[in-house]
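Student: Sharing a structure, written as structure tokens. Questions coming.
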Amino acid sequence: MVDDRRGRSSERRPRSGSNGVPRRSGPGRARPAQPQADAAPAGPPIPADIEARQLAPDVRRELTTLDRATADAVARHLVAAGGLLDEDPEAALSHARAARARASRIAAVREAVGIAAYHCGDWGQALAEFRAARRMGSKSPLLALIADCERGLGRPQRAIDLARGPEAAELTGDDADELRIVAAGARADLGQLDQALTVLSTPQLDPTRTGSTAARLFYAYAETLLALGRGEEALQWFLRSAAADIEGITDAEDRVSELG
26 MVDDRRGRSS ERRPRSGSNG VPRRSGPGRA RPAQPQADAA PAGPPIPADI EARQLAPDVR
86 RELTTLDRAT ADAVARHLVA AGGLLDEDPE AALSHARAAR ARASRIAAVR EAVGIAAYHC
146 GDWGQALAEF RAARRMGSKS PLLALIADCE RGLGRPQRAI DLARGPEAAE LTGDDADELR
206 IVAAGARADL GQLDQALTVL STPQLDPTRT GSTAARLFYA YAETLLALGR GEEALQWFLR
266 SAAADIEGIT DAEDRVSELG
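Going by this note's numbering, the final residue of the sequence shown carries number 285, and the count climbs one at a time with no gaps.
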């Protein structure tokens, strides 16, 4: 199967949430207990060395509508979440949810929950949070993530439709390439390998590029070639992926060893 933004080792295992809301009407139904006004929302402990100022300035600006103590707690939870994404995405999600409990109307907070849920493979929650962030005015390029969530939920055609839409046509650079990777993966999900190869090679690939997006793009192209039985060409693009992968995000070098 074609490699996608989630990486080769990821599997689509949606995790069901437990966000049930008590019904508020009906005979004999008690009114839910009201929280104390001064009660702090629950959340995981924040390491003492994490400070609010470590948060990106543009995100900190979004928190200026909050009181100082709340803004500080939200910022520190977001910093903690960002630091845990790769090594412990479940813990990152806990911190992001703690931030959301204090600032659910801040686009950057909802986006952070979405990214953490995405790293956990909880495509449904990630999709809901990304959509919420967009409704709140997020300027982040979330289309590729949204499309990949649709793939994860078993809806590859929706991912393809998003990649064909007017918003996709406005993307440039790495943002456009990230969506190409997802769209090609969706084509592969449907068994359309030739179309997947066309998506990845239009516009023509530049083998001299470097960086994480280029590495993933070349990797996806190599995987598609391999699936089509074009092993020698696939090896060349795995080599190019390894050369582009200065951050070590793929296992392209291992694939080269396997095919070499």
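In this text, a Cβ means the ideal position worked out from N, Cα and C, and glycines have one as well.
This one's a predicted model, so the numbers in the text were calculated from it and none came from an experiment.
(1) Should R176 and G210 be called a contact, given that it needs their Cβ atoms to be closer than 9 angstroms?
(2) Can you give the Cα-Cα distance for R234 and A208, rounded to whole angstroms?
(3) Closest by CA to Q217, which one among P181, L204, A239?
(4) Rounded to the nearest angstrom, how far is the Cβ of H102 from that of A124, given a contact under 8 angstroms?
(5) On the premise that L187 lies in contact with L170, defined as a C-beta separation below 8 angstroms, what is that separation, rounded to the nearest angstrom?
(6) According to DSSP, simplified to helix, strand and coil, what is D276?
(7) Sorry if obvious, but does the Cβ on P191 come closer than 8 angstroms to a heavy atom of the ligand FMN?
(8) How far does the alpha helix (DSSP H) with P296 in it reach, from first residue to last?
(9) Who are the near neighbours of A269 in its chain, counting only those whose CB is closer than 7 angstroms to its CB and skipping five residues on each side?
(10) Would you say T249 and A201 are within 9 angstroms of each other, going by their C-beta atoms?
(11) Could you check how far apart the C-beta atoms of A121 and V138 are, in whole angstroms? I think they sit under 8 angstroms.
(12) How many Å lie between P66 and I185 at the Cα?
(13) Check this for me: beta carbons of L118 and A100, under 9 angstroms apart or not?
(14) Look at L152 and L178 and say whether their C-beta atoms are less than 9 angstroms apart.
(15) I need the DSSP call for R180, collapsed to helix, strand or coil.
(16) For P232, which residues of its own chain have a beta-carbon under 6 angstroms away from its beta-carbon, when the five flanking residues on both sides are left out?
(17) Could you tell me which of P114, G162, A157, A106 sits nearest to G146, measuring between CA atoms?
Tutor: Here's the rundown:
(1) yes
(2) 21 angstroms
(3) P181
(4) 4 angstroms
(5) Not really, about 11 angstroms apart at Cβ, beyond 8 angstroms.
(6) coil
(7) By its list of ligands, the structure shown contains no ligand whatsoever, and the ligand FMN lies outside what it can speak to.
(8) There is no way to answer for residue 296, as the model of the chain reaches only from 26 to 285.
(9) R234, T235, G236, A239, A240, F243
(10) no
(11) 4 angstroms
(12) 40 angstroms
(13) no
(14) yes
(15) coil
(16) R265
(17) P114
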